[in-house]
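Here the sequence shown is numbered in the numbering used here, starting from 13 and rising by one per residue. Glycine is no exception: its CB is placed at the ideal position from the N, C-alpha and C atoms. For reference, the structure is listed below as structure tokens.
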Amino acid sequence: MLHPDIPGALAGAAIGLLSGGRLRAAVARYTDPPPRQLPVRAAAVASPALLGAATGLTPVAAALGWAALLGVALAFVDGAVHRLPNALTLPAFAGTALLLTAAALLDGRPGVLPRCLLAALALGTLYTALALVAPVGLGDAKLAPTLGALLGWYGWATVFAGLLTGFLLAGLWGAALLVTRRAKGADPLPFGPFMLLGALVAVVLAA
């Protein structure tokens, strides 16, 4: 993102501002007890605004914005209760698939859809396998296809970048918690927020 697109950023921020209340309600619904004083509204504005600044008002912006808004709710829920509910992950995937298809047709790039599908399958398969042998949950495996499809829009290099960035951020955060003694080695680490942040970074850099 060498030259931020101001109209795209403003549009993303406006959509996030309008959606902030509903996203906060969603976070409260799927956490027990509901967390207090979380910056859900701020994240709801910042995430689509950043993506809008990177991509501008292009057809793919709708798919990115949809995933970003649901991703905000998912990140806060996972951070609070270590869970990625189906009621959020499944609509995230369905909406992303629909909007990516529309974007490809509007942009005259239907050939990108097979790569998006393959990337979705690849990340979904990878995280499902990890859920069997590593401290990764099935919720992460259900979120992975959404991120894979979005990253696949920009190419395989972006898919790998998003994947590796997520693991790197999770590793750094886990190490910081251990060093500051805020967690022990056996404590679970919510991975969803890092998957989402890794994908966000990769898309912004690729756009």
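For residue i, count the other beta carbons within 10 Å of its own beta carbon; 16 or more makes it buried, fewer makes it exposed. Which is it?
i, result
"Lys-154", "buried"
"Arg-194", "exposed"
"Asp-119", "exposed"
"Trp-78", "buried"
"Ala-219", "buried"
"Phe-206", "buried"
"Ala-38", "buried"
"Pro-51", "exposed"
How big is the Cα-Cα spacing for residue i and residue j?
i, j, result
"Thr-101", "Ala-85", "10 angstroms"
"Ala-132", "Phe-88", "23 angstroms"
"Ala-141", "Leu-62", "32 angstroms"
"Arg-41", "Ile-18", "34 angstroms"
"Val-1", "Leu-138", "This structure cannot speak to residue 1, because the chain is shown only from 13 to 219."
"Leu-130", "Gly-164", "8 angstroms"
"Ala-23", "Ala-80", "13 angstroms"
"Ala-21", "Ala-58", "9 angstroms"
"Leu-29", "Leu-125", "30 angstroms"
"Phe-172", "Gly-107", "23 angstroms"
"Trp-185", "Thr-192", "11 angstroms"
Who are the Cβ neighbours of residue i in its own chain at under 8 angstroms, not counting the five residues just before and after it?
i, result
"Pro-196", "A small fix is needed here, since residue 196 is Lys in this sequence, not Pro. Correct list, in chain order: Leu-190."
"Pro-16", "Ala-65 and Ala-66"
"Ala-26", "none"
"Leu-96", "Leu-86, Val-89, Asp-90, Gly-149, Gly-151, Asp-152, Lys-154, Leu-155 and Gly-204"
Looking only at its own chain, which residues have a Cβ that is under 7 angstroms from the Cβ of residue i, when we skip the five neighbours before and after it?
i, result
"Val-148", "Tyr-139, Leu-142 and Phe-203"
"Ala-55", "Val-84"
Measure from the alpha carbon of residue i to the alpha carbon of each residue in the options, then state which is nearest.
i, options, result
"Gly-183", "Leu-201, Trp-168, Gly-174 and Thr-192", "Leu-201"
"Tyr-166", "Gly-28, Val-72, Ala-21 and Arg-34", "Val-72"
"Leu-212", "Ala-21, Pro-97, Thr-177 and Ala-104", "Thr-177"
"Gly-174", "Arg-121, Ala-109, Leu-50 and Val-215", "Val-215"
"Ala-74", "Ala-104, Asp-90, Arg-34 and Ala-99", "Ala-104"
"Gly-32", "Arg-53, Val-39 and Thr-70", "Arg-53"
"Ala-161", "Gly-68, Leu-76 and Arg-121", "Leu-76"
"Ala-169", "Leu-217, Ala-115 and Leu-180", "Leu-217"
Residue ranges of each alpha helix (DSSP H) run of no fewer than 4 residues wholly in the segment 38-89, ordered along the chain?
Qualifying alpha helix (DSSP H) stretches, in chain order: 52-67.
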